[in-house]
Amino acid sequence: MLRTLRIGLLLGLRQIQRANIWTTSLIIFVMAITFLNLIAVSGILVGLIVGSERAVQSKSIGDIIITERDDEETILQTQRFAQELALAPEVDTYTVRFTASALVEANYTTRTDLSEKANTINGRLVGVDPAAEDSVTKISENVVEGEYLDPSEDGYVLVGSRILDRYTEGLPDSEDTLKDMYPGDKILITIGEATKEFTIKGILDLKVDEVSAKIFMPERELRRLSDNIDRNANEISIKLKQSTDPIAFKESLVRAGLGEYAKIRTFDEALPKFLIDIKKTFNILGIFIGAIGIVVASITIFIIIFINALSRQRQIGILKGIGIERHVIEVAYVLQAAFYAVTGATIGTLITYGFLVGFFDRNPIDFPFSDGILVADPMSTLTRFGILFVITLFAGFLPAWIIVKQNTLNSILGRK
Amino acid sequence: MTNIITAIGIKRSYGKGALEQQILKGIDVTVQAGEFVAIMGKSGAGKSTLMYQLSGLDEPTSGSIDINGIDIVTLNEQDRTAFRLNTLGYVFQDYALVPDLSSEENVMVPILMRGEDWETARTIAREALNAVGLVGKYKNLPGQLSGGEQQRVSIARAVAGKPKILFADEPTANLDSVSGKQVIKLISSLNSDFGQTIVMVTHEREYAENAHRIINMSDGLVINEERLREFTPR
C-alpha cells in the first residue's frame, strides 16, 4: 500500500510539475471559480437574509427586546425595568418605546371638495426619547430628508418612507399612503378623541419595514395624545456591550423577577418568523445551487483527468507492461485531481475571506428588502471544501480507472 | 540444456466471425537460459505478435507458454503484471519512456515497484545508466536526450532489475544507423558479458546476426530456424 502510494505520488507529482503551466493555471482557475460559485452564490443568498436580520437587529430589536406580555397592553413596571437597565454594567444603551395606532391625515389644508376622500391612513406611532433611540438604533443616519427629532421641540414627527407615496410608487399597498408630503408639511394625528397637528421634521428611509412604516415622535407627545398616564411603555430595545452574552443577560433579568412583568427575548428569539422561514428556504436553495456547483466541478475534473489519461494511454500501457500495478497509475491521476481541487479551492477560499467577504461588507448589494452581504461561515466552507475534495478524488479516479483497465497491449499499440 | 521459454502450439487471432484474423497459426518455440534469439520476418509475419505472447503482454488464443517454470497463460492480470515486473525486461522500438520522469526516475520506477527503498533504487538506476554509457545524464528528461540515448535509458530500465529474459521489439527501428549499431552492440554485450537471455524482434538481418539463433517467420508460422553461433549454456 505504502509502495503504491509512494510510486503513484512520484508519477503524479512529476506529471503536475512537467505539465504546461498555462494549462495547469487554467484548470486551477476553473476549480477556484467553481469553488467560489459553491461558496459565494449560496453565501449571497443567505447574505440577503442575514443582511436583513442585521438591519432588523440594529435598527429595531437590538440585542434584547422587552415587550408586553400577551395578556397585557403595556410592559408592567416599565420604570423598574428602566432603573435595572440603567444600572446593569452589561447594557451599552437602551431605548423605551411607546406605541399607538392613530388616524393620520395629510393634505387637509388643500382639500377644497369635502366630498372627496380624505388622504388618511391608519398609522403606527412610536414615542421615543430621540436621544436614547438614536443611541441604540442610530436612526438619525437614516433621515433622508429634513432633520432628526430635537428632544426639546414639540409638534414635530419623523415619517417613515413606507407611508409616503413618493417612496412606495409601484409597491404593493402603495395606495394606503400620504400623498406628496415633504419636510415642513403638516399632518393631523388622531388617537381616539384627541387630535393634534404635527409638522414633518424629517423622513426616514431604511430597509426595515418595522421602522420605515412608522411615525416617530417624542414620547411625551405620544403619551399626552394617547392619555397614557402610568408611563408604562410597549417596547424596550437594549443594546448590550460587545462581550455580553444576550442569553445570559436575559436570564439575569428573569432571575431578577422581571419576567413576570413583560416578555423578555433575545434577538434570535424575537426574529420575525418570516425571516426565519426565508432564511431556511434560501439555505435550501444555497444547498441546491451548491450541489449543482459540485456536480459541475466533478464533471470538470472528470473531463480533465479523462483527457489527460486518454492522451497518455500508451504511456499507461507501457507502465503496466513493465510491471507497474494499475493502482499506482490510478493513484497518480487521483493525486492530480486532488492537487487541482485543493489548489483551486484554497485560492477560492483566500479570495472569499481575503477579499469578497470584506468587499460585500463594505459595499452591500442593494436589494429592495435588505443590504445583501456575503455570508461565508468557516465551518460550512470547510464542509464544502471537504465534499469537493472527496468528490474530486472520485472524479479523478473514475477516468483513470476506465483508461487503466484497458488491455495492456491495446494501450501500448494505441488500439481500441 | 535448460529451456527458460517453452511455448507450444501458440495461436493468436483477432476479431470475431467473418472478421477473424489468425495472426499466429500454431507456433512452438523454445529459448534456453542465456541464449540470444532473434525473430525475423517480413511485416505482418507475426513476429511482434509472437513476442507479445512470449513476454506476457498478450494472451494467446490457445497454446501454453512456460517461462522459468511458470505457465503464464494461466496467470490472472495482477499476477501477470507482477511476473513481468520480477522476471522480464522490455525494450520497445520507440523507447517508451515516461516523458515526465528523468532518466534515473524512469529506471527507478520498476525498481521501487519491486520494493526497494528510494536510495537503493537510485543507486541501482545510476549504475545501470552508467553501464549503458549515460554517466551524468541522470536528471535529463527523455525529451532532452537523443533517440539513441533514450533507447539506452530504456535498456537500462529493462536490465536494472536483472530480469531473467530481456525482450526487445525492434529496438533500432527509430534510430539512425550509427545509434542503431551502438544499441545492438549494447544488447549483444548484455548477452555475451552477463549471459542475459534475450529475445529480439528485428527485420534487419545485420542486427539479427549478433544472436545465437534466428527464428524466421512468415504468415504466422515459423518457417525455419538458423543457428548462427554455437550456444554454450553458462
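So the sequence lines, in the order shown, correspond to chains A and B.
The first sequence begins at 76 in the working numbering and counts up by one.
The second sequence begins at 98 in the working numbering and counts up by one.
The beta-carbon is built from N, C-alpha and C at its ideal position, and this holds for glycine as well.
Could you pull the DSSP bridge partners for residue i from this structure?
i	result
R109/B	L121/B
E180/A	T195/A, L263/A
K276/A	Bridge partners of K276/A: none, in fact.
P205/A	In the DSSP output, where bridge partners are listed per residue, P205/A has none listed.
R340/A	I140/A
G471/A	In the DSSP output, where bridge partners are listed per residue, G471/A has none listed.
N100/B	Q129/B
S159/B	K108/B
K278/B	In DSSP, K278/B forms no bridge with anything.
D446/A	D441/A
L200/A	A175/A, I290/A
E220/A	I278/A
S312/A	T170/A
A265/B	V188/B, M297/B
G235/A	L279/A
A269/A	I266/A
E148/A	None, per the DSSP bridge assignment.
Leaving out five residues on either side along the sequence, give the residues of the same chain with a beta carbon under 6 Å from the beta carbon of residue i.
i	result
G122/A	G447, I448, L449, V450
I82/A	V403
V286/A	K134, S135
K236/B	S199
Y192/B	Q247, Q248, S251
D125/B	I105
N137/B	The residue asked about is misnamed: residue 137/B is Met in this sequence, not Asn. Hits under 6 Å: A305, I311, N313.
G235/A	L279, S287, A288, K289
V131/A	V283
A107/A	G419, I422, G423
R401/A	V479
A345/A	I136, I140
Near residue i, what residues of its chain come up, given a Cβ to Cβ distance below 7 Å and the 5 sequence neighbours on each side ignored?
i	result
R389/A	S486, I487, G489
K122/B	K108, G317, L318
E405/A	F472, A475, W476, V479
L111/A	G423, I426, T427
T99/B	Q129, A130, P330
T252/A	I196, I238, L239, D240, T243
Q101/B	At residue 101/B the sequence reads Ile, which differs from the Gln that was named. V128, Q129, A130, I164, N165, K261, I262, T294.
L120/A	F357, L360, G361
L297/A	F173, A175, L200, G202
G198/A	A177, V179, I238, I290
R254/B	N203, V204, P207
T265/A	A177, L178
G277/A	V218, E220, G221, E222, Y223, L233, P258
By the 10 Å Cβ neighbour count, where 16 or more other Cβ atoms means buried, how is residue i classified, buried or exposed?
i	result
P443/A	exposed
F161/A	Position check: residue 161/A holds Ala in this sequence, whereas Phe was assumed. When all chains shown are included, A161/A counts as exposed.
I105/B	exposed
A407/A	buried
L85/A	buried
P239/B	buried
N95/A	exposed
N288/B	buried
M454/A	exposed
I322/A	exposed
P164/A	exposed
E128/A	buried
Q90/A	buried
A416/A	buried
V329/A	exposed
With a threshold of 8 Å on Cβ separation, who are the neighbours of residue i within its own chain once the five nearest residues in sequence on each side are excluded?
i	result
I124/A	L350, I353, K354, F357, S445
A207/A	T168, Y169, T170, V171
A413/A	F464, T467, L468, G471
G334/A	L328
### Residues from the region 391-419 of chain A in contact with chain B, defined by Cβ distance under 8 Å
I393, L394, K395, G396, I397, G398, I399, E400, R401, V403
### Query
Are the region 172-181 of chain B and the region 113-121 of chain B in contact at 8 Å, needing three or more beta carbon pairs?
no
### Query
When the Cβ atoms of the region 434-441 of chain A are set against those of the region 92-104 of chain A, are three or more pairs found closer than 8 Å?
no
### Message
Three Cβ pairs or more, each shorter than 8 Å: is that satisfied between the region 275-284 of chain A and the region 206-225 of chain A?
### Response
yes
### Query
Closer than 7 Å, Cβ to any Cβ of chain B: which residues of the region 357-389 of chain A, in chain order?
none
### Task
Scan the region 195-225 of chain B for residues whose Cβ lies nearer than 9 Å to a Cβ of chain A and list them as they occur along the chain.
V195, P196, D197, L198, S199, E202, M205, V206, P207, L209, M210, R211, G212, W215
### Task
Closer than 8 Å, Cβ to Cβ, to anything on chain A: give me those residues from the region 143-171 of chain B, in chain order.
Y149, L154, D155
### Query
Would you call the region 302-316 of chain B and the region 216-235 of chain B touching, i.e. three or more CB-CB distances under 8 Å?
no
### Query
Going along the region 472-486 of chain A in order, which residues come within less than 7 Å of chain B, judged by CB to CB distance?
T483, L484
### Message
Output needed in chain order: residues of the region 226-241 of chain B with a Cβ under 8 Å from some Cβ in chain A.
### Response
L238
### Task
Compile a chain-ordered list of the residues in the region 293-321 of chain B whose CB is closer than 9 Å to at least one CB of chain A.
none
#### Entry: Contact between the region 151-158 of chain A and the region 460-472 of chain A (3+ Cβ pairs under 8 Å)
no
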